[in-house]
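Trainee:
2 protein chains.
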Amino acid sequence: MSEHHHPVSAPCAGDLFGGSRLSAARRAIAEAVRSLGGAFTAEELHAAVSATHAGIGVATVYRAVAAMSAAGALAPVGSRDGSTLYALCAGGDHHHHLVCTGCGTVVGIECPVDGSLLSSAKSAGYTVTAHEVTLYGLCAACAACAAERD
Amino acid sequence: MSEHHHPVSAPCAGDLFGGSRLSAARRAIAEAVRSLGGAFTAEELHAAVSATHAGIGVATVYRAVAAMSAAGALAPVGSRDGSTLYALCAGGDHHHHLVCTGCGTVVGIECPVDGSLLSSAKSAGYTVTAHEVTLYGLCAACAACAAERD
DNA sequence: TCCTTAGTGAGAATGATTCTCAGATGCACG
DNA sequence: CGTGCATCTGAGAATCATTCTCACTAAGGA
Ligand SMILES: [Mn+2]
Ligand SMILES: [Mn+2]
Ligand SMILES: [Zn+2]
Ligand SMILES: [Zn+2]
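Residue numbers (the working numbering), protein chains in the order written: chain A, 14 to 163; chain B, 14 to 163.
1) Where Ala156 (chain A) and Thr140 (chain B) are concerned, what is the direct C-alpha to C-alpha distance, given to the nearest angstrom?
2) Any idea what DSSP makes of Gly121 (chain B), helix, strand or coil?
3) Does any CB atom of chain B fall closer than 8 angstroms to the CB of Gly138 (chain A)?
4) So, with DSSP's three-state summary, where would you put Ala100 (chain A)?
5) According to DSSP, is Ala88 (chain B) helix, strand or coil?
6) Shorter than 7 angstroms, the distance from the beta carbon of Val112 (chain A) to the closest heavy atom of ligand 3, or not?
7) Taking the Cβ atom as the reference point for each residue, do Ala45 (chain B) and Val62 (chain B) lie within a distance shorter than 8 angstroms?
8) May I ask you to report which of helix, strand or coil DSSP gives Ala143 (chain A)?
9) Is it a yes or a no for the segment 27 to 36 of chain B touching the segment 86 to 93 of chain B, going by three-plus beta-carbon pairs under 8 angstroms?
10) If you reduce the DSSP assignment to three classes, tell me which class His19 (chain B) lands in.
11) What does the alpha-carbon distance come out to for the pair Ser33 (chain B) and Met81 (chain B)?
12) Can a CB atom of chain A be found closer than 8 angstroms to the CB of Pro125 (chain B)?
13) So Cys116 (chain A) is in the alpha helix (DSSP H); what residue range does that whole segment cover?
14) Helix, strand or coil for Leu148 (chain A), going by three-state DSSP, please let me know.
15) For the segment 99 to 121 of chain A, which residues have a beta carbon sitting closer than 8 angstroms to at least one beta carbon of chain B?
16) For His59 (chain A), which of helix, strand or coil comes out of DSSP?
17) Ligand 1 and Cys102 (chain A): does any heavy atom of the ligand fall closer than 7 angstroms to the residue's C-beta?
18) In terms of residues, what are the limits of the alpha helix (DSSP H) holding Val126 (chain B)?
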């Protein structure tokens, strides 16, 4: 179904899963991830994939989320009501995410952790090995909606 | 027991709890928080307080952690094995935390989210309302320990 | 001192996530 | 193309951090 839609360098549905095996369930889950567009919980992803492909178990969705995260295709972007939120991650260069708390859309942002912060950490005796940065806010549409609601 | 140890502006044991009531259990919990020094889970805090003050329930510790967090005296600094890590927060000006993954010590760091990042978010149509930043690394002692272990 | 109400402890409940297990199936290799 | 086997799957049980319930106690303002 995709023979001539994409150049060879653009994987059509699959390669959110790195090296691991590509089953029918995982193909459906990858499709659902793409259709959701923004941030989602594992349960929401399960609901989305179930709408078009019945019979996929929730454990399979959790395992797929873990596999996609390990492959770097998914990134955790906070939590909602005790459930972890995930979003499709562009990959490539190092970056972080800005999540609309209204609709869940996500955009990549450049990393604000710079040499000056790292050197001030170093002067406190620390070697920084990792960091987490996530921004939250409202996209234009959600901000407009919130404004007219007064 | 603290009549003349501190000037009036330095609360002796209590005021991690903002405006709320100061019970014996909460006094003991505040003391345990101080004795732990670094990052801790609710269970670890419960164990620490239980060592010196038997009979305090785990639910009370969870409630105390929530109260201290609401008062701004405690900040979440990541998680370990599925449990949230908390640390005493200096309060005052806006800052974030750098946690030693070896021993759990925490230091405050200046906020790296600057106007340029916010304006690039704005040019993407987003209004930023909140952000989370946490750094992880090794303190001098833990780095030395890791180095000699080769 | 009294009263109101927030805080407490024990245990049950909740709920997200992980695990177990027997069966199915990608896919590398010949 | 087969075959073999490691990986994946679905159902349900299990785990376990955190929250809730409830009867009771005790801050602390009046
Ligand atoms: Mn990304
Ligand atoms: Mn702090
Ligand atoms: Zn970064
Ligand atoms: Zn900040």
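Positions of the beta carbon are idealized from the N, C-alpha and C atoms, including for glycine.
These numbers were taken from a predicted model, which means no experiment stands behind them.
Mentor: This is what the structure holds:
1) 8 angstroms
2) strand
3) yes
4) strand
5) strand
6) no
7) yes
8) strand
9) yes
10) At His19 (chain B), the pLDDT of 36 sits below 50, so the modelled position is not reliable; the number obtained from the coordinates is stated separately. Coil.
11) 9 angstroms
12) yes
13) Where Cys116 (chain A) is concerned, there is no enclosing alpha helix (DSSP H), given that its DSSP letter is neither H nor E.
14) strand
15) Leu111, Cys113, Thr114, Val120
16) helix
17) yes
18) Premise fails: Val126 (chain B) is in no alpha helix (DSSP H) and is neither H nor E.
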